[in-house]
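Protein chains in written order, with the working numbering: chain A, 1 to 361; chain B, 1 to 343.
Note that CB positions come from ideal geometry on N, CA and C, so glycine has one too.
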Amino acid sequence: MNHPLLSLLGPDGQLDAATAAPTPADGLALYRDMVMARRIDTEAIALQRQGELGLWPSMLGQEAAQVGAGHALRPRDVVFPTYREHGMAWCRGVDPVNLLGLFRGTTMGGWNPRDNNFNLYTLVIGAQTLHAVGYAMGIVRDGDVGTGDPERDRAVLVFLGDGALSEGESNEAFVWAAAQNLPVVFFVQNNQWAISAPYSVQSRVPVAQRAQGFGFEGVRVDGNDVVAVRQVTEQALASAREGNGPTLIEAFTYRRNPHTTSDDDGRYRPVTENEEWEARDPLARMRTYLAGAGVLDEAAEAALAADEQALAERLRSGCRALPVPTASSPFENTLADMPDELARQMHEHLEFVAAGEEQDR
Amino acid sequence: MSTPAVPTPPAQADEPVAGPVRLPIAHALNRGLRDALAGDDRVMLIGEDIGRLGGVFRVTDGLQKDFGDLRVVDSPLGEAGIVGSAIGLAMAGYRPVCEIQFDGFVFPAMNQIITQLAKYRHRSEGAVSLPVVIRIPVGGGIGAIEHHSESPEAYFAHTAGLRVVSPSNAHEAYHLLRESIASDDPVIFLEPKRSYWLKGDVDTTVAAPAFDRAQVVHPGDDVTIVAYGALVPAALKAAQQYAEEGVGVEVIDLRSLSPIDDATILESVRRTGRLVVAHEASRTAGLGAEVAARVQDEAFYSLEAPVLRVTGYDTPYPASRLEEDWLPGVDRIVDAVDRSLEH
Ligand SMILES: Cc1ncc(C[n+]2csc(CCOP(=O)(O)OP(=O)(O)O)c2C)c(N)n1
Numbered sequence: 001m002n003h004p005l006l007s008l009l010g011p012d013g014q015l016d017a018a019t020a021a022p023t024p025a026d027g028l029a030l031y032r033d034m035v036m037a038r039r040i041d042t043e044a045i046a047l048q049r050q051g052e053l054g055l056w057p058s059m060l061g062q063e064a065a066q067v068g069a070g071h072a073l074r075p076r077d078v079v080f081p082t083y084r085e086h087g088m089a090w091c092r093g094v095d096p097v098n099l100l101g102l103f104r105g106t107t108m109g110g111w112n113p114r115d116n117n118f119n120l121y122t123l124v125i126g127a128q129t130l131h132a133v134g135y136a137m138g139i140v141r142d143g144d145v146g147t148g149d150p151e152r153d154r155a156v157l158v159f160l161g162d163g164a165l166s167e168g169e170s171n172e173a174f175v176w177a178a179a180q181n182l183p184v185v186f187f188v189q190n191n192q193w194a195i196s197a198p199y200s201v202q203s204r205v206p207v208a209q210r211a212q213g214f215g216f217e218g219v220r221v222d223g224n225d226v227v228a229v230r231q232v233t234e235q236a237l238a239s240a241r242e243g244n245g246p247t248l249i250e251a252f253t254y255r256r257n258p259h260t261t262s263d264d265d266g267r268y269r270p271v272t273e274n275e276e277w278e279a280r281d282p283l284a285r286m287r288t289y290l291a292g293a294g295v296l297d298e299a300a301e302a303a304l305a306a307d308e309q310a311l312a313e314r315l316r317s318g319c320r321a322l323p324v325p326t327a328s329s330p331f332e333n334t335l336a337d338m339p340d341e342l343a344r345q346m347h348e349h350l351e352f353v354a355a356g357e358e359q360d361r
Numbered sequence: 001m002s003t004p005a006v007p008t009p010p011a012q013a014d015e016p017v018a019g020p021v022r023l024p025i026a027h028a029l030n031r032g033l034r035d036a037l038a039g040d041d042r043v044m045l046i047g048e049d050i051g052r053l054g055g056v057f058r059v060t061d062g063l064q065k066d067f068g069d070l071r072v073v074d075s076p077l078g079e080a081g082i083v084g085s086a087i088g089l090a091m092a093g094y095r096p097v098c099e100i101q102f103d104g105f106v107f108p109a110m111n112q113i114i115t116q117l118a119k120y121r122h123r124s125e126g127a128v129s130l131p132v133v134i135r136i137p138v139g140g141g142i143g144a145i146e147h148h149s150e151s152p153e154a155y156f157a158h159t160a161g162l163r164v165v166s167p168s169n170a171h172e173a174y175h176l177l178r179e180s181i182a183s184d185d186p187v188i189f190l191e192p193k194r195s196y197w198l199k200g201d202v203d204t205t206v207a208a209p210a211f212d213r214a215q216v217v218h219p220g221d222d223v224t225i226v227a228y229g230a231l232v233p234a235a236l237k238a239a240q241q242y243a244e245e246g247v248g249v250e251v252i253d254l255r256s257l258s259p260i261d262d263a264t265i266l267e268s269v270r271r272t273g274r275l276v277v278a279h280e281a282s283r284t285a286g287l288g289a290e291v292a293a294r295v296q297d298e299a300f301y302s303l304e305a306p307v308l309r310v311t312g313y314d315t316p317y318p319a320s321r322l323e324e325d326w327l328p329g330v331d332r333i334v335d336a337v338d339r340s341l342e343h
């Protein structure tokens with residue numbers, strides 16, 4: 001099977017002639033979300049440099065993949081992210097300040113996964129793919145698939161990386177999704193690197209092709225083209241909601257920053273690669289397109305810049321204001337009912353902490 | 001034993017230098033791996049990002065360049081794959097040393113470790129040993145995010161058929177690793193990650209005690225502390241504080257978490273009559289419980305005080321802003337020693 005790369009909005013900002021142009025409002029919304037996502041990322045990197053965050057996994061270059069997918073979702077669809085889906089989180093309405101807590105060390109989570117149908121970040125590679133499968137089984141049992149009622153039918157969108165495709169758990173997820181024909185879409189951001197491992201370390205076949213052996217369809221899309229990404233994700237989600245089972249989407253893109261702020265990518269890849277991908281920047285092409293279409297005028301740019309500035313300021317102050325959890329919180333949140341022995345340990349710990357504070361005074 | 005058919009670039013062990021050199025633990029480990037690779041063609045390294053990158057802690061830095069990518073293998077992203085294929089390599093006569101990137105990521109490999117690696121010698125009635133080493137950075141205290149601060153040692157110690165060792169300083173790191181690689185048994189090699197940059201004198205020519213032995217690292221006659229890994233420096237600090245007050249605290253570095261060297265611990269406790277066991281891992285069913293049980297079995301009438309445990313709590317590892325208080329350190333060890341002495 002051939003998996004051509006679907007691209008609608010080219011790096012030069014030209015929209016495919018056969019594709020319906022987005023309405024001005026729609027085009028601006030896509031662009032705005034990518035700009036805001038990038039701003040979250042750059043601010044977080046700056047906060048890490050200032051010592052406010054311990055670590056940050058940058059999403060630079062992957063804005064179109066995430067925002068495109070984000071715009072394909074309906075509110076009742078459920079998302080399972082990795083740890084890099086800051087743009088997706090933004091689209092789901094997660095307060096971006098809350099994305100920082102995990103990396104500041106104030107929480108192991110950061111938001112209530114039920115609030116926005118956006119689950120907690122998963123750091124253990126591949127683990128979330130099976131949760132997505134289980135959630136999709138729940139949707140089927142609830143009867144919320146294939147009813148034709150747009151208010152009712154729902155699907156699961158789960159993110160994973162090209163490296164994650166090698167974990168056994170991801171492959172089990174594919175088996176389950178196919179065997180049970182589940183309403184789940186596997187969204188692989190193929191950013192071509194798993195820390196220092198190029199995709200060739202993981203596989204000999206293109207990402208999209210891997211779905212085939214499991215019995216469902218894989219599609220390949222230019223991950224830096226927000227229009228194309230949204231289109232294929234909309235189709236895959238619609239198919240899942242209708243009861244036609246899973247799809248794998250390969251969004252072909254590039255991780256332009258090091259793996260995290262702790263990584264040194266100069267050790268394993270040439271800078272020229274980065275330059276190549278900068279030329280395919282997802283924001284720049286949308287900007288060119290919108291400007292050419294007369295949609296992004298000076299007033300719109302100014303409004304967007306102001307929004308960005310406000311977001312940046314909120315991130316900076318919000319980060320520093322993130323509450324440090326109480327010393328008792330790990331004990332309180334371990335089990336629904338605290339066992340006596342754990343209560344004793346908590347007591348011991350709180351006394352110890354209080355004595356230390358006494359001494360510090 | 002067959003010799004590898006695939007030629008590998010010539011590479012040399014570092015010249016053994018007379019006298020100690022000062023190295024951080026990470027470099028001592030690197031040197032241990034280099035010498036093992038150079039000394040035995042059957043030794044191989046497998047892990048995520050260990051080649052070009054040199055591992056996220058740089059422990060394997062430069063080794064792929066010098067020994068080639070057939071001996072220092074950048075694996076696909078999968079821990080079951082790393083350990084499972086190491087088992088197959090061991091069956092084929094090789095001596096693989098696996099690297100698990102972080103403690104929290106060993107769990108996808110647990111099936112291979114527990115159901116296969118630990119049991120094969122037993123199943124083959126002694127015919128086939130699996131000389132696989134699994135190196136895992138462990139423990140907290142580095143301000144990390146979730147799954148990067150775990151202390152999984154008890155899972156391994158509870159599994160018959162595995163050896164579990166953990167060095168506490170650079171010299172030990174070198175020698176324990178060399179011995180682990182030379183051992184015909186599977187060895188879980190736990191590297192206290194917050195000590196990676198702790199420097200110490202390494203003498204590659206002077207062997208450390210056997211890798212299944214505990215070691216008295218600070219002598220004393222009043223109370224015994226048993227610790228391992230990152231808590232050994234903390235226990236030593238506590239012992240030095242007591243020394244100034246004229247109290248003799250004996251510190252034992254356990255080194256081998258399975259099997260446990262009872263003899264060294266019992267000899268000490270029979271003298272001191274008091275024992276504190278310290279580890280970062282949660283309390284329940286931890287190594288502390290095991291050591292305490294052995295001591296009360298064998299030295300009950302020597303005890304002047306209950307055996308006390310200083311441990312992490314029975315909660316998931318907390319967000320890093322809480323870890324400084326959550327982790328047992330010098331203060332909590334001192335508090336336990338005080339309580340023991342009060343009896
Ligand atoms: C089970 C497991 N093994 C190892 C790691 C360490 N690790 C973190 S990210 C990463 C690479 C992931 O690559 P990919 O899936 O392509 O996603 P990307 O980071 O490129 O977005 C590795 C090996 C982990 N988090 N979980």
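Best match in the options for proximity to residue i [C-alpha to C-alpha]
i: residue 248 (chain B); options: B:54, B:257, B:221; result: B:221
i: residue 111 (chain A); options: A:134, A:341, A:92; result: A:92
i: residue 204 (chain A); options: B:76, B:33, B:334; result: B:76
i: residue 268 (chain A); options: B:151, B:49, B:256, B:319; result: B:49
i: residue 207 (chain A); options: A:247, A:243, A:275, A:152; result: A:247
i: residue 423 (chain A); options: A:10, A:312, A:119, A:200; result: Coverage of chain A is limited to positions 1 through 361, which leaves residue 423 (chain A) absent and any answer about it impossible.
i: residue 91 (chain B); options: B:64, B:135, B:42; result: B:42
i: residue 274 (chain B); options: B:282, B:135, B:250, B:260; result: B:250
i: residue 38 (chain B); options: B:116, B:20, B:178, B:139; result: B:178
i: residue 186 (chain B); options: B:84, B:102, B:195; result: B:84
Distance cut-off 6 Å: residue i Cβ against heavy atoms of ligand 1
i: residue 124 (chain A); result: yes
i: residue 194 (chain A); result: yes
i: residue 235 (chain A); result: no
i: residue 84 (chain A); result: yes
i: residue 248 (chain A); result: no
i: residue 162 (chain A); result: yes
i: residue 191 (chain A); result: yes
i: residue 112 (chain B); result: no
i: residue 128 (chain A); result: no
i: residue 62 (chain A); result: no
i: residue 66 (chain A); result: no
i: residue 48 (chain B); result: yes
i: residue 105 (chain B); result: yes
i: residue 53 (chain B); result: no
Residue burial classification, residue i (beta-carbon count within 10 angstroms, cutoff 16)
i: residue 197 (chain B); result: exposed
i: residue 1 (chain B); result: Reliability of the predicted coordinates at residue 1 (chain B) is poor, the pLDDT of 39 falling under 50, and the value obtained from them is presented with this limitation in mind. Exposed, since its Cβ has fewer than 16 Cβ neighbours within 10 Å.
i: residue 7 (chain B); result: Its pLDDT being 46, under 50, residue 7 (chain B) is placed unreliably in this model, and the value from its coordinates should be taken loosely. By the 10 Å Cβ count, residue 7 (chain B) comes out exposed.
i: residue 2 (chain A); result: exposed
i: residue 23 (chain A); result: exposed
i: residue 362 (chain A); result: An answer regarding residue 362 (chain A) cannot be provided, because it is not within the stretch 1 to 361 covered by chain A.
i: residue 3 (chain B); result: Confidence at residue 3 (chain B) is low in this model, with a pLDDT of 46, below 50, so its placement is unreliable and the value that follows should be read with caution. When all chains shown are included, residue 3 (chain B) counts as exposed.
i: residue 312 (chain B); result: buried
i: residue 300 (chain B); result: exposed
i: residue 27 (chain A); result: buried
i: residue 268 (chain B); result: buried
Enclosing alpha helix (DSSP H) for residue i [first to last residue]
i: residue 122 (chain B); result: 120-123
i: residue 30 (chain B); result: 25-39
i: residue 104 (chain A); result: 101-104
i: residue 58 (chain A); result: Neither: residue 58 (chain A) is in no alpha helix (DSSP H) and is coded neither H nor E.
i: residue 174 (chain A); result: 168-179
i: residue 264 (chain B); result: 262-272
i: residue 401 (chain A); result: Summary: the structure shown does not reach residue 401 (chain A), with chain A confined to residues 1 through 361, and so no result is reported for it.
Residue i Cβ short of 6 Å to ligand 3 heavy atom set
i: residue 244 (chain B); result: Questions concerning ligand 3 fall outside what the structure shown contains, since the ligands it does hold are ligand 1.
Residue i - containing beta strand (DSSP E), residue span
i: residue 101 (chain B); result: Careful: residue 101 (chain B) lies outside any beta strand (DSSP E) and carries neither H nor E.
i: residue 44 (chain B); result: 43-47
i: residue 311 (chain B); result: 308-312
i: residue 341 (chain B); result: Looking at the DSSP string, residue 341 (chain B) is not in any beta strand (DSSP E); the run it does join, the alpha helix (DSSP H), is 330-342.
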